[in-house]
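To keep things clear, I will list the structure first and then write my remarks on it.
Number of protein chains: 2
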Amino acid sequence: MPDATDPVPTAPPETLGRLWFELFNEIGIINQLSRALFEASQSDGLSQPQFSVLNHLVRLGDGKSPLDLARAFQTPKASMTNTLAGLEARGLIETRPHPSDGRSKLVHITDSGRARREAAIAAVGPDLARLGALTDPAALERLLPGLAALRRTLDANRR
Amino acid sequence: MPDATDPVPTAPPETLGRLWFELFNEIGIINQLSRALFEASQSDGLSQPQFSVLNHLVRLGDGKSPLDLARAFQTPKASMTNTLAGLEARGLIETRPHPSDGRSKLVHITDSGRARREAAIAAVGPDLARLGALTDPAALERLLPGLAALRRTLDANRR
DNA sequence: CAATTTTAATTCGATCTCGAACTTGATAAT
DNA sequence: ATTATCAAGTTCGAGATCGAATTAAAATTG
């Protein structure tokens, strides 16, 4: 029986750790499988991070700096540099100097990049349709708020 | 207005893709952040996959084959080979020949491996406690079934 | 009981990840 | 104004990821 003077419902510490590990484990596996699913569907070698950046630029607008993008995906700057280099080498984005800040630059998607994104979406389409038939979309939708909250908590809490 | 002759609520295809991408995006970021959180807490270089394997061996028993482990984590065999090599080089696991199958081998955790796992859990403890204070554990718990179902669907659906 | 096919694991190589150090440009402090 | 500090991006290097090819040991087949 809980003692009313307990400051907090004193979670059993072992159990708490287990909950987090289990959660992160599930998430790691899903991440794994979803990346593999996506990349297997792409005939050329567009990686999942590359696609994510293209998609972000289309959906939320381009003209962002690399640092903006790194923050949006919570990835280290060096990783974003690498992803952008891959996209630029393929001509899917181009970078222009920042008009007022000489250290920075702005990332713009090219027409070819837009087309590539469309093609990528079309290529995973059948796989997603297959998944969609096995899953209740509403159930997925219900997962999103909890995940977003968790993501924000983790983000707010990092050093 | 929906036409009653529509065979199925005809999910708007664009929207369906967006839902999946958003979901996988959140999951990718959480995976990212949780790995960084864990690894930053470890003073030596125990990686998150290495820890996961140690944890698995303690919780579900050792004496598994590398392939068993690869399947449990849905990772390619080659990745598991690499993770196990790292653990063995540190003396945290040891492998013994499979008694009846000459191709295989069995992974056993060492005393040092058990101790290392305990230490790793202790080292993330403060971070998890901080997170725990910002989150409702029950809300996390509620996420698990949906994630597990998603994981199973992805798993069942891969080629 | 050979020949074939499967299966467990490793090796290899190309690519990705990311912390740390560095370069260069902006901002602040005195 | 000069100097110190800070911020954006790149480079570098060590390690991780993972598909494909390889090796060796079952299991299967005819």
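Each protein sequence line maps, in turn, to chains A and B. Quick note on numbering: the first sequence equals residues 264 to 422 in this note's numbering. Quick note on numbering: the second sequence equals residues 264 to 422 in this note's numbering. We put the CB at the ideal spot given by N, CA and C, even for glycine. Given the structure is predicted, the values throughout are model-derived calculations rather than measurements.
- Task: Take the Cβ of Val271 (chain A) as the centre, count every other Cβ of all protein chains shown within 10 Å, and call the residue buried at 16 or more, exposed below.
- Result: Along the first sequence, read from residue 1 onward, the residue named residue 271 (chain A) stands at position 8. Note on Val271 (chain A): pLDDT 46, under 50, position unreliable in the model; no value is reported.
- Query: Which residues bound the beta strand (DSSP E) around Lys368 (chain B)?
  - Reply: Within the second sequence, numbered from 1, the residue matching residue 368 (chain B) stands at position 105. Membership of Lys368 (chain B) in the beta strand (DSSP E) is indicated by the continuous run 368-372.
- Query: Is there at least one Cβ from chain B nearer than 7 Å to Glu381 (chain A)'s Cβ?
  - Reply: Stepping through the first sequence from its first residue, residue 381 (chain A) is reached at position 118. Taking Cβ atoms only, chain B never reaches closer than 7 Å to Glu381 (chain A), which makes this a no.
- Message: Quick check on the DSSP output: the alpha helix (DSSP H) that includes Pro400 (chain A) runs from which residue to which?
- Response: Here residue 400 (chain A) corresponds to residue number 137 of the first sequence, with the count starting at 1. Pro400 (chain A) -> alpha helix (DSSP H) spans 400-420.
- Message: Taking only three categories from DSSP, how would you classify Pro339 (chain A)?
- Response: The sequence position of residue 339 (chain A) within the first sequence is 76, counting from 1. It is coil, neither helix nor strand.
- Query: Of all the CB atoms in chain B, is at least one closer than 7 Å to the CB of Thr326 (chain A)?
  - Reply: Your numbering for residue 326 (chain A) matches position 63 in the first sequence. What sits at residue 326 (chain A) in the sequence shown is Gly, not Thr. Output row for Gly326 (chain A): interface = no.
- Does the pairing of the segment 332-350 of chain A with the segment 325-334 of chain B give three or more beta-carbon distances under 8 Å? no
- Message: Within a Cβ cutoff of 8 Å, which residues of the same chain sit near Ala341 (chain B), ignoring the five residues on either side of it in sequence?
- Response: Taking the first residue of the second sequence as 1, we reach residue 341 (chain B) at position 78. The answer is none, since no qualifying residue turns up.
- Query: Roughly how far, in whole angstroms, is the beta-carbon of Arg393 (chain B) from the beta-carbon of Asn420 (chain A), given that I think they are within contact range, below 8 Å?
  - Reply: Taking the first residue of the second sequence as 1, we reach residue 393 (chain B) at position 130. Taking the first residue of the first sequence as 1, we reach residue 420 (chain A) at position 157. Right, the Cβ-Cβ distance comes to about 6 Å (below 8 Å), so this counts as a contact.
- chain A contact for Ala385 (chain B) (CB, 7 Å cutoff): Looking up residue 385 (chain B) in the second sequence gives position 122. With 7 Å as the cut-off, Ala385 (chain B) does not count as an interface residue toward chain A.
- Task: Could you work out which residues of chain B lie near Thr398 (chain A), taking near to mean beta carbons separated by less than 9 Å?
- Result: Here residue 398 (chain A) corresponds to residue number 135 of the first sequence, with the count starting at 1. By Cβ distance, chain B contributes Ala412, Leu413, Thr416.
- Inter-residue Cα distance where the pair is Val316 (chain B) and Trp283 (chain A): By 1-based counting over the second sequence, the position of residue 316 (chain B) is 53. By 1-based counting over the first sequence, the position of residue 283 (chain A) is 20. Near 15 Å, if we compare the C-alpha coordinates of Trp283 (chain A) and Val316 (chain B).
- Give a yes or no on whether 7 Å exceeds the smallest Cβ distance from Asn345 (chain B) to chain A. Counting from one through the second sequence, the residue named residue 345 (chain B) turns up at place 82. Judged by the 7 Å Cβ criterion, Asn345 (chain B) is not in contact with chain A.
- Query: Quick one: does Leu286 (chain B) have its CB under 7 Å from some CB of chain A?
  - Reply: Here residue 286 (chain B) refers to the residue found at position 23 of the second sequence. With 7 Å as the cut-off, Leu286 (chain B) counts as an interface residue toward chain A.
- Message: Quick check on Pro362 (chain A): does DSSP put it in helix, strand or coil?
- Response: As a working mapping, residue 362 (chain A) is identified with position 99 in the first sequence. Here Pro362 (chain A) sits in coil by DSSP.
- So with Cβ pairs under 7 Å, would you call Gln295 (chain B) a contact of chain A? Your numbering for residue 295 (chain B) matches position 32 in the second sequence. Yes, because at least one Cβ of chain A sits closer than 7 Å to the Cβ of Gln295 (chain B).
- Query: Can we say the segment 305-321 of chain B touches the segment 377-394 of chain B, given the rule of at least three CB pairs closer than 8 Å?
  - Reply: In this structure the segment 305-321 of chain B lies against the segment 377-394 of chain B, because at least three pairs of beta carbons, one per stretch, are closer than 8 Å.
- Beta-carbon neighbours of Ala299 (chain A), restricted to chain B and to distances below 8 Å: Position 36 of the first sequence, counting from 1, holds the residue named residue 299 (chain A). Within chain B, the residues near Ala299 (chain A) are Arg421.
- Task: Identify, in the order they occur along the chain, each residue of the same chain with its Cβ nearer than 7 Å to the Cβ of Ser375 (chain B), setting aside the five sequence neighbours on each side.
- Result: As a working mapping, residue 375 (chain B) is identified with position 112 in the second sequence. Taken in chain order, the residues that qualify are Gly354, Leu355.
- Task: Less than 8 Å between the CB atoms is what I'm expecting for Gly326 (chain A) and Leu296 (chain A), so what's the real figure, rounded?
- Result: As a working mapping, residue 326 (chain A) is identified with position 63 in the first sequence. As a working mapping, residue 296 (chain A) is identified with position 33 in the first sequence. 34 Å between Cβ atoms; not a contact.
- Note down the Cα distance separating Leu406 (chain A) from Glu289 (chain B), rounded to an integer number of angstroms. For the purposes of this step, residue 406 (chain A) is identified with residue 143 of the first sequence, where counting begins at 1. For the purposes of this step, residue 289 (chain B) is identified with residue 26 of the second sequence, where counting begins at 1. The alpha-carbon atoms of Leu406 (chain A) and Glu289 (chain B) are separated by roughly 10 Å.
- Item | Cβ pair Leu347 (chain B), Pro329 (chain B) closer than 7 Å | In the second sequence, the residue the question calls residue 347 (chain B) occupies position 84. In the second sequence, the residue the question calls residue 329 (chain B) occupies position 66. Taking 7 Å as the Cβ cut-off, Leu347 (chain B) and Pro329 (chain B) qualify as a contacting pair.
- Task: Anything in chain A within Cβ reach of Gly280 (chain B), meaning under 8 Å, just list it in chain order.
- Result: As a working note, residue 280 (chain B) is residue 17 in the second sequence. The contacting residues are Ile384, Val387, Gly388, Leu391.
- Message: Please confirm whether Glu302 (chain B) has its beta-carbon closer than 7 Å to some beta-carbon of chain A.
- Response: Against the second sequence, residue 302 (chain B) aligns to sequence position 39. It does not: the Cβ of Glu302 (chain B) has no partner Cβ on chain A nearer than 7 Å.
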